[in-house]
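Asks: So in full-length UniProt numbering, spot 79 of the sequence shown is number 79, and the numbers just go up one at a time.
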Amino acid sequence: LAGFLVRYSYWTCIVMAVGTEVTAVAEYMQYWFPNAPSWIWIVLFSGVLIGVNAMSVKAFGTVEYWFSAIKIFAIVGFILLGSYVVWGSGNPAYGMQNFTSHGAILSVEMIAVAAGEAEHPEQAVRPRPFRATIVRLLVFYVLSLTLILAIVPWDGLDKGSSPFVTVMQVLGIPYAAGILNFVVIVAALSAMNSQLYITTRMMFSLSRAGDAPASLGKLNHNGIPLNALLLSTSGIALATLLFVLFPGQAFTLKMSLSMFGALFTWMMIFLTHWYFRRHHQRHGTKPLAFRLPGFPLSTLLGLGLMLAILLTTALTDVFRLTLAFGLPFLLLLVVLYRFVRPPRP
């Protein structure tokens, strides 16, 4: 039951996130084309990325490589510029007094899903890259967020545009806002590209485990579970429908269910890790190549933080419906599990 709940919750979470990303791309395109209908961009970019994921894993990897390269160069440039503005320009209007924020980082878990298609997973998933991930998150994510909030107060950010673009508009640097708008579109497309890959493999896994129709576990001549990919694009269709019917509430609806699935998945990851390490301590014969420092306190701390974030979503504007949608959805999955796998007599 636990595996069934986690995989379907995670699949739903990422499917909703796909719809959110493509909606964000449509909104960012309004910067250059304010009069163009949003559905044009949703259809255009969705079609391109679905085609990429349907071609081969190599095509997906190549596109994601260049997306990531653009993001990294842009973030490094932003950090250098932002650091100069905050600490080197001597302008008293900017400073650390604007810094106040709380955020969460998700999608690191995608590495575990992608490892299933690695030729040598024991080499692809090594301790050193995971440790380096922490450094990259601190440099690229936390430092960028610090600089954004040091330049623009958190309540001065426009929800309809990227905070990076807002910063460049505040600084008044010619063409910089347009360049960064292009970068955030690339970032959204990169996330969407990865999410399509992950949802496809997750549904493929559910099918091979007997928890989804067998047709979703079939591979085409390129080794791609095409049926699972097509089903996983349902988030795009749902996003478009919600965007048209409920333009004011669409983002909140999608993010609430997506956030519940993400937090529930990470809570189960911590629980699984706790049980695994306890079992390994009692019965394991080989030392673990990669161990989380501070176990079991670090694992329990992570679990507690995920639970705290989940319980406090009701206090936020964007995620206030997380529990209201998430708990009934989880109950629905339990009922579905009993239908798919009835109790044995």
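Glycine is no exception: its CB is placed at the ideal position from the N, C-alpha and C atoms. None of the values given here were measured: they were computed from a predicted structure.
How would you label VAL184, buried or exposed, when you count the other beta carbons within 10 angstroms and need 16 or more for buried?
Replies: buried
Asks: Take the Cβ of SER101 as the centre, count every other Cβ of all protein chains shown within 10 Å, and call the residue buried at 16 or more, exposed below.
Replies: With a pLDDT of only 35 at SER101, under 50, the local geometry of the prediction cannot be trusted, and no value is derived from it.
Asks: Just the C-alpha distance for ILE173 and PHE78, rounded to the nearest angstrom, thanks.
Replies: 12 Å
Asks: Compute the beta-carbon to beta-carbon distance between SER205 and ARG7, rounded to the nearest angstrom, for a pair I have assumed lies under 8 Å.
Replies: 6 Å
Asks: Secondary structure at SER38, three-state DSSP: helix, strand or coil?
Replies: helix
Asks: Using a Cβ-Cβ cutoff of less than 6 Å, which residues in the same chain neighbour LEU1 once the five nearest sequence positions on both sides are dropped?
Replies: Result list for LEU1: TYR337, in chain order.
Asks: Count the other C-beta atoms from every protein chain shown that fall within 10 angstroms of the C-beta of LEU241, then say buried if there are 16 or more, exposed otherwise.
Replies: exposed
Asks: Within 8 Å, do at least three Cβ pairs link the stretch 19 to 37 to the stretch 272 to 285?
Replies: Taking a contact to require three or more Cβ pairs closer than 8 Å, the stretch 272 to 285 and the stretch 19 to 37 do not qualify as touching.
Asks: Can you tell me the Cα-Cα spacing of VAL25 and GLY261, whole angstroms?
Replies: 22 Å
Asks: Taking 6 Å as the limit between beta carbons, can you name the residues of its chain near GLN97, skipping five residues before and five after?
Replies: At GLN97, the pLDDT of 42 sits below 50, so the modelled position is not reliable and the matter cannot be decided from this model.
Asks: Would a C-beta distance cut-off of 7 Å place MET192 and LEU231 closer than the cut-off?
Replies: No; because the gap between Cβ atoms is not below 7 Å, this pair is not in contact.
Asks: If we ignore side chains and look at the alpha-carbon of each, how far apart do ALA188 and LEU171 end up?
Replies: 24 Å
Asks: Can you grab the Cα-Cα spacing for the pair HIS221 / LEU145, in whole Å?
Replies: 44 Å
Asks: With respect to the alpha helix (DSSP H) encompassing LEU71, which residues constitute its N-terminal and C-terminal limits?
Replies: In the sequence on display, residue 71 carries Lys and not Leu. It spans 57 to 83 - the alpha helix (DSSP H) in which LYS71 sits, taken as one unbroken run.
Asks: Work out the CA separation of VAL167 and SER83 for me, nearest whole Å.
Replies: 13 Å
Asks: Using only the alpha-carbon positions, how far apart do TYR197 and LEU311 sit?
Replies: 30 Å
Asks: Between which residues of its own chain and residue 356 is the CB-CB distance below 7 Å, once the five residues before and five after are set aside?
Replies: Since the first residue shown for the chain is 1 and the last is 345, residue 356 is missing from the structure and cannot be characterised.
Asks: Which residue wins for smallest C-alpha separation from LEU49, given the options THR272, GLY19, ILE70 and LEU307?
Replies: GLY19
Asks: Assign GLY326 to buried or exposed, taking buried as 16 or more other Cβ atoms, counted over all protein chains shown, within 10 Å of its Cβ.
Replies: buried
Asks: By a C-beta neighbour count over all protein chains shown, 10 Å radius and 16 as the cutoff for buried, is THR285 buried or exposed?
Replies: exposed
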